[in-house]
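With my numbering, the residue at position 80 of the sequence shown is 80, and numbering never jumps.
Beta carbons: idealized from backbone N, C-alpha and C, even for Gly.
Just so we're clear, the structure is a prediction, and the values are computed from it rather than from any experiment.
For reference, the structure discussed in these notes is given below.
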Amino acid sequence: MGRWLVAAAFVVVAACAVNPVTGRHQLALLSAEQEVNLGAHEHPGILKQYGELQAPAVREYVARVGRQLAARSHRPELDYHFTVLDSPVLNAFALPGGYVYVTRGLLAELNNEAELAGVIGHEIGHVTARHGVTRYTQQAGYQLLRGVALALEPRLANWTQLSDLAFTATVRGYGRKEELQSDELGLEYAAAAGYDTSQLHHFFETLQRRERDADGGGFHGLFATHPETAQRIERMRALERARPGGKLVGRAAYLRAIDGIPVGPAPDQGRVVNNRYLNLRHDVGLTIPTGWEARTARGRLLLTPRGGGVAWEARMRTARAGETSQTVIQGLLAQLGSQAKAAWSRHPHGAQVADVEAVAEGRPVGVRITAWVHQGHVVVVTAIAPRVSFARIAPAFDQITTTLVPLTPREAALARPFHLRIQRVRAGTTFAKLAEVDPTPGHDGRWLSYFNGYEGAPRPRANDLVKVIAP
Ligand code: ZN
1 MGRWLVAAAF VVVAACAVNP VTGRHQLALL SAEQEVNLGA HEHPGILKQY
51 GELQAPAVRE YVARVGRQLA ARSHRPELDY HFTVLDSPVL NAFALPGGYV
101 YVTRGLLAEL NNEAELAGVI GHEIGHVTAR HGVTRYTQQA GYQLLRGVAL
151 ALEPRLANWT QLSDLAFTAT VRGYGRKEEL QSDELGLEYA AAAGYDTSQL
201 HHFFETLQRR ERDADGGGFH GLFATHPETA QRIERMRALE RARPGGKLVG
251 RAAYLRAIDG IPVGPAPDQG RVVNNRYLNL RHDVGLTIPT GWEARTARGR
301 LLLTPRGGGV AWEARMRTAR AGETSQTVIQ GLLAQLGSQA KAAWSRHPHG
351 AQVADVEAVA EGRPVGVRIT AWVHQGHVVV VTAIAPRVSF ARIAPAFDQI
401 TTTLVPLTPR EAALARPFHL RIQRVRAGTT FAKLAEVDPT PGHDGRWLSY
451 FNGYEGAPRP RANDLVKVIA P
């Protein structure tokens, strides 16, 4: 069976190179060189959006595992780049040409090096089977759709503009066929590198648990369109039996490598606790009104009411020397070429407000801009609504904006990131006892047992290394 898999993969790779007109004609639209250029072009956008985890030892460890797999792949000649993104989201993806990404959110969930090899091998499979290239050729249709979205909600569309291609082609995942093929390729590469492949389906079990836990929010990222997880686990188990690989599991090596990584949102992304948004880096909090949805990114908060149509967005950054609320808003108005005059607002903390009218994709819109400089931080709020309903909606915008205030010491403590700590188990201890240091709601002993790959068992083995989440 294993040999059959290798053969199948070669057929696909060969087909796109030599026979571009037999139904796989899209595959040959980009040369290998163009693929590499595409990846290199999109890479800075990915780094800008997520940030790279500032932990050289973790980065080097992941790259070392990745290089071993790449060397045994169908395209060992590519120059692979392995990046650990500073994102709490559980995700992994690849760009054409050999750019492979895993998030720290994903690293925290894994329990050994073999599992990591399975995930990275899967992403290398997307690169070697040229799945990204296929998807690239389908972009034209997407661009059309995006044009429509832009016309309706210009600010929202702008939100998705960050590295569009990378997002649609890779972060949202591929079709079922491509995912299953990458599962096979990943397992094949992990086996060839000497890993015990019976570890590989554990990651899908983790996904399945997270899917169950997700309260309606579900997964975004590549897992959203992945095939039914339960079926995929069954299939992986069968593949693992057919190709057991070597003896390498690497639990201790893996856990030592990820000791200390942050867990949860980065300080400049902010954290939503109940109905409060808390941004530690820029020392600002606000109340999210009932019925509004919050999306966070580094230095950005987007609020939209259910039903959409309008948007309230805050961008936060560090202030430059001499900047005040007044200079910031004057600069923005000058940039827009607006004659509007900024007014002292009703906001108690000295923010400046100006209304400007604009035309977005042929539709007249009203925009209320608020600039607030405090303690070395700049917050710029852009609230946008169709011009016809602007006057009616503006009070709701103001109501949100007036809740912008510096964090209280208690909120600052809540906004602080947690860390993953690796501990050696003392005889007689239980997961319930170990979980006591974890302040996250719902993280009890049972949760910690699953988090450590113990399938709900109440006690870890004495002397084993385990993960706990602690402030
Ligand atoms: Zn995939």
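Closest Cα partner of residue i within the set the options
i	options	result
N452	G51, H202, L69	H202
E109	N37, A192, V263	V263
R421	I400, A257, A412, R392	A257
G385	A230, F204, S73, G366	Residue identity check: residue 385 is Ala in the sequence provided, not Gly. Out of A230, F204, S73, G366, G366 has the C-alpha closest to the C-alpha of A385.
G362	R387, H349, I369, A371	R387
P305	E293, A297, E313	E293
V328	R300, W372, A358	W372
T382	I400, G376, G118, R392	I400
G487	A193, L280, V405	In the structure as shown, the chain begins at 1 and stops at 471. Residue 487 is therefore absent and cannot be evaluated.
A369	R75, E313, R317	Position check: residue 369 holds Ile in this sequence, whereas Ala was assumed. It is E313.
R75	V380, E228, V36, K247	V36
A413	A230, R320, P439	P439
G498	H122, S338, A55, N463	Here the chain comprises residues numbered 1 to 471, so residue 498 is not present and cannot be evaluated.
P244	G194, R276, R416, G121	G194
A92	L78, D79, L107	L107
R210	A470, V468, H443, K467	H443
Beta-carbon spacing of residue i, residue j below 8 Å
i	j	result
D86	Y61	no
A351	S389	no
P460	G445	no
A114	L465	no
V380	L333	no
S338	V356	yes
V378	M316	yes
Q375	D268	no
Y99	H122	no
G125	G45	no
Residue i - DSSP class collapsed to helix/strand/coil
i	result
P471	coil
R59	helix
A462	coil
G308	coil
F431	helix
L407	coil
L286	strand
Y50	helix
T440	coil
Y454	coil
V127	helix
Q339	coil
I261	coil
H201	coil
H74	coil
V328	helix
One or two residues paired with residue i in a DSSP bridge
i	result
L38	For L38, which the question treats as bridged, DSSP gives no partner whatsoever.
A294	L303
Y99	H81, L95
E323	Partner(s): none; E323 has no beta bridge.
L248	Y195
D355	R368
E313	L302, T382
T318	H377
Where the beta strand (DSSP E) containing residue i begins and where it ends
i	result
I233	No beta strand (DSSP E) holds I233; the alpha helix (DSSP H) holding it covers 229-242.
R387	Element bounds for R387: not the beta strand (DSSP E) but the alpha helix (DSSP H), 387-401.
Y277	276-279
I422	418-424
A266	Careful: A266 lies outside any beta strand (DSSP E) and carries neither H nor E.
Extent of the continuous alpha helix (DSSP H) to which residue i belongs
i	result
Q181	176-192
G366	Segment 363-374 is the beta strand (DSSP E) holding G366; no alpha helix (DSSP H) there.
R271	Unbroken run through R271 is the beta strand (DSSP E), 271-273; no alpha helix (DSSP H).
G350	Run containing G350: none; DSSP gives neither H nor E here.
The ligand PLP heavy atom lying under 7 Å from the CB of residue i
i	result
S73	By its list of ligands, the structure shown excludes the ligand PLP, since it contains just the ligand ZN.
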